[in-house]
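Presented below is the structure to which this report refers.
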Amino acid sequence: MYLELDGNGALYAQLTRALKAAILGGRVAAGARLPATRVLSRELDLSRNTVLAAYEQLHAEGFLVGKVGSGSYVAAIEAPRAPPIARVAPTAPVARYAKRAKEVFDRIIPGRQYKGLRYNLQYGAPLTNPALTSAWRRALAQASAHAEMDYPDPQGLAALRLQVCDYVARRRGIVATPDDVLIVSGTQQAFFLAAATLVEPGESVIIEDPHYRGMRQVFQAHGAKVETVGVDADGLITEQLPQRGARLVAVTPSHQFPAGAVMSLARRLELIEYAHSQRCWIIEDDYDGEFRYDAHPLAAMQSLDSHGRVIYIGSFSKTLFPSLRLGYMVLPPGLKQAFVAAKWFCDRGCPAIEQGALARFMADGGFERHLRDAAKTLKQRRTAMLAGLKRYAGGAVEVADSHAGMHLVAWLPGVTRPQCEKLIALAAERGLGLYSIEPYFLGRAPREGLLLGYASLPPADIEAAMRVFGACLADLGLSRRSAA
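So the sequence shown is numbered by this note's numbering: it starts at 144 and just counts up by one.
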């Protein structure tokens, strides 16, 4: 217990005043147990009799109450409020990166503003699976029993990198060695490392429009010149790429986020040749490539790259759960050392116990079993949402369905922005969380639409959510029925 004696008078009196000041100043709260007299005498290098005398004085004055066999406790007294301490804001300037980061961060729309609602269609909410929770708990216990206590390899545990190589070879057609893999704390850190390693402030970064805004915000905070290229049914429109100056192109070819398109083979090859001729890099973000429901898994664009220009990013946030904070990058050989160095300076490596647990979970087949179960569950929920939209929304929406992922985009033809805002607000009043697609565009969206996540709700709740959605459309005069 920190106490400062004032040096005036007898020691017991000094200690009494110091304890009073701590109580009246709120540093020791009402009901708090004071240290035993032997303990406090050792801490302050005072005799026990001195501490006993101070405690007795405070008991007599009503500052302390005693409990038999338990000790001395601070009494519930009405202490005068001390004047607030004036705190002067620092005037020293922060770095330009900090200014940019704060500007970008202040514009971020909270991702869970409707978290307490009965039916929340927030994209990114995890798929809950009690079997996964139990299996992961066992994997953690086994990993913790065998984990080394030293700092882990900043590139990632060798066992996990080996499992990642095996996984991407079978599921995504990527031929890589463990030396090509870097374990990161999710997709967001992967983008951060790419910005720090590959892009100078002021250099151009090309992203899709619409796009994953967390990626855009990383590059904006870094100071890159972020430019967008549109997408259509075949993915990124490669003929719109600038003729020169791009340092990096970031794409989601297997399932464009959020519009859902799959980049055609012709455009994948065109983009790779573009990167080769421009001497720029491609980031392939495969954020939910595992979940395809009506088609065979697609080979990653990285598997087509013969020039060593594609950086492949995968994450376990969607396949397992976001709080795991583990992902991976498959790097061209020439970039590995720079990325590992940047990772080391960032955090010296991801937590070893979680890495070990994941490596064991993958090696034992638990990860693949979970993926099969998750894909089956997500397909049922997707089917329920499509059926609900058709039944309750009728001709009021146009669904962009890519037969993959954990969300749908529902475009609202003829709906204005104020009408869309009213729709979202009315749905929230009725317990339904809806989210506009607007924030996923760099500028204004060409038309109004909603991003509807279905991973976190069972089919019955999704059906009920679509019923509420349809009622909101009708009450605002936006449904086909009301228009008729």
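For each residue, glycine too, the CB sits at the ideal point set by N, CA and C.
Note that the structure is predicted; figures quoted are calculated from it, not measured.
Kindly list the residues whose CB is nearer than 7 Å to the CB of histidine 550, restricted to its own chain and excluding five residues on each side of it in sequence; keep chain order. By the criterion of a C-beta distance shorter than 7 Å, histidine 550 is surrounded in its chain by Tyr266, Pro401, Leu594, Leu595, Gly596, Tyr597, once the five residues flanking it on both sides are discounted.
Going by DSSP, name the residue or residues bridged to alanine 543. Val552, per the DSSP bridge assignment.
Inter-residue spacing [alpha-carbon to alpha-carbon] between leucine 187 and threonine 193: Spanning the two alpha carbons is a distance of roughly 11 Å.
Determine the extent of the alpha helix (DSSP H) in which lysine 245 is found, giving its start and end residues. Counting along the chain, lysine 245 sits inside the alpha helix (DSSP H) bounded by residues 239-249.
Run of the beta strand (DSSP E) containing glycine 596, from where it starts to where it stops: Note, glycine 596: beta strand (DSSP E), 592-596.
Ignoring anything shorter than 4 residues, give me the alpha helix (DSSP H) runs that lie fully in the region 183-215, in order along the chain. Whole alpha helix (DSSP H) segments, 4+ residues: 191-203.
Could you name each continuous alpha helix (DSSP H) segment of 4 residues or more that falls completely within the region 314-381, going from the start of the chain to the end? Segments of the alpha helix (DSSP H) lying fully in the region 314-381: 330-341, 356-365.
What ranges does the alpha helix (DSSP H) occupy inside the region 406-451, keeping only unbroken runs of at least 4 residues that lie completely in it? Segments of the alpha helix (DSSP H) lying fully in the region 406-451: 408-421.
Confirm, please, whether the CB-CB distance from valine 394 to alanine 418 is below 8 Å. No, Cβ-Cβ distance for alanine 418 and valine 394 is not below 8 Å.
Is isoleucine 415 closer than 8 Å to isoleucine 454 when the C-beta atoms are compared? No; because the gap between Cβ atoms is not below 8 Å, this pair is not in contact.
If we call anything under 8 Å between Cβ atoms a contact, is arginine 410 one with glycine 378? Going by C-beta atoms, arginine 410 is nearer than 8 Å to glycine 378.
If you drop the 5 nearest sequence neighbours on each side, which residues of the same chain put their C-beta closer than 6 Å to that of glutamine 200? Cβ-Cβ distances below 6 Å link glutamine 200 to Thr159 in the same chain, with the five nearest sequence neighbours on each side left out; the list follows chain order.
Does DSSP put tyrosine 310 in a helix, a strand or coil? Correct three-state label for tyrosine 310: helix.
Answer with buried or exposed for proline 253, where buried requires no fewer than 16 other C-beta atoms within 10 angstroms of its C-beta. Unreliable placement is indicated for proline 253, whose pLDDT of 49 sits below 50; no coordinate value is reported for it.
Which listed residue (Glu581, Lys533, Leu621, Ser579) has its alpha carbon closest to that of glutamate 606: Its Cα nearest to that of glutamate 606, the residue Lys533 stands out among Glu581, Lys533, Leu621, Ser579.
Assuming the contact rule is C-beta atoms closer than 8 Å, threonine 349 and arginine 359 should be a hit. Round their C-beta distance to whole Å, please. The residue asked about is misnamed: residue 349 is isoleucine in this sequence, not threonine. Not quite, the Cβ-Cβ distance comes to about 11 Å (not below 8 Å), so this is no contact.
Going straight from the alpha carbon of threonine 271 to that of serine 599, what length do you get? Whole-angstrom Cα-Cα distance: 7 Å.
Can you find the residues in the same chain that come closer than 6 Å, C-beta to C-beta, to aspartate 618, ignoring five residues on each side of it along the sequence? Within its own chain, no residue has a Cβ closer than 6 Å to the Cβ of aspartate 618 once the five positions on either side in sequence are excluded.
Measure the alpha-carbon distance for leucine 162 versus serine 190 and round it to whole angstroms. Rounded to whole angstroms, leucine 162 and serine 190 show a C-alpha spacing of 16 Å.
Beta-ladder partner(s) of methionine 472, from DSSP: Paired residue(s): Leu325, Ile456.
Tell whether a beta-carbon distance below 8 Å holds between alanine 333 and valine 327. In contact: alanine 333 and valine 327 (Cβ atoms closer than 8 Å).
What runs of the beta strand (DSSP E), each 3 residues or longer, lie entirely inside the region 483-536? Runs of the beta strand (DSSP E) lying entirely within the region 483-536, each at least 3 residues long, are absent.
For arginine 176, which beta-bridge partners are listed by DSSP? Answer is Tyr216.
Applying the 10 Å Cβ sphere with the 16-neighbour rule, what's the burial state of lysine 242? Under this definition lysine 242 is an exposed residue.
When the Cα atoms are used, what is the spatial distance from asparagine 151 to arginine 250? For the pair asparagine 151 and arginine 250, the Cα-to-Cα distance works out to about 56 Å.
Under a three-way DSSP split, which group does valine 558 fall into? Look at valine 558 here: in three-state DSSP terms it is coil, with no helix or strand label.
Can you give me the C-alpha to C-alpha distance between valine 247 and tyrosine 240, rounded to a whole angstrom? Roughly 11 Å separates the two Cα atoms.
Nearest candidate by alpha-carbon position, reference alanine 517, set Arg491, Ala547, Cys493, Gly492: Residue nearest to alanine 517 within the set Arg491, Ala547, Cys493, Gly492 is Ala547 (criterion: CA-CA distance).
Using the Cβ count rule (16 or more neighbours within 10 Å means buried), how would you classify glutamine 399? The C-beta of glutamine 399 has 16 or more other C-beta atoms within 10 Å across all chains shown, which makes the residue buried.
Output the boundary residues of the alpha helix (DSSP H) element that contains arginine 610. Counted as a single uninterrupted DSSP element, the alpha helix (DSSP H) harbouring arginine 610 occupies residues 602-618.
Just to confirm my understanding: we take tyrosine 310, look at its own chain, exclude 5 residues before and 5 after, and list those with CB closer than 8 Å. What are they? Once the five neighbours on either side are set aside, the close Cβ partners of tyrosine 310 are Met505, Phe510.
If you measure between the beta carbons of alanine 502 and glutamate 291, is that distance less than 8 Å? Not in contact: alanine 502 and glutamate 291 (Cβ atoms no closer than 8 Å).
Leucine 521 versus alanine 603: straight-line alpha-carbon distance, rounded: Using only the alpha carbons, I get a separation of about 13 Å.
Taking the beta carbon of lysine 519 as the centre, do at least 16 other beta carbons fall within 10 Å, making it buried, or is it exposed? Counting Cβ neighbours within 10 Å, lysine 519 comes out exposed, since fewer than 16 surround it.
Count the other C-beta atoms from every protein chain shown that fall within 10 angstroms of the C-beta of glutamate 427, then say buried if there are 16 or more, exposed otherwise. Buried, by the Cβ-count rule.
Please go through the same chain and pick out, in chain order, the residues whose beta-carbon is closer than 8 Å to the beta-carbon of glycine 214, but skip the five residues on each side of it. Residues Arg176, Leu177, Ala179 of the same chain have their beta carbon placed closer than 8 Å to that of glycine 214, with the five preceding and five following residues left out of the count.
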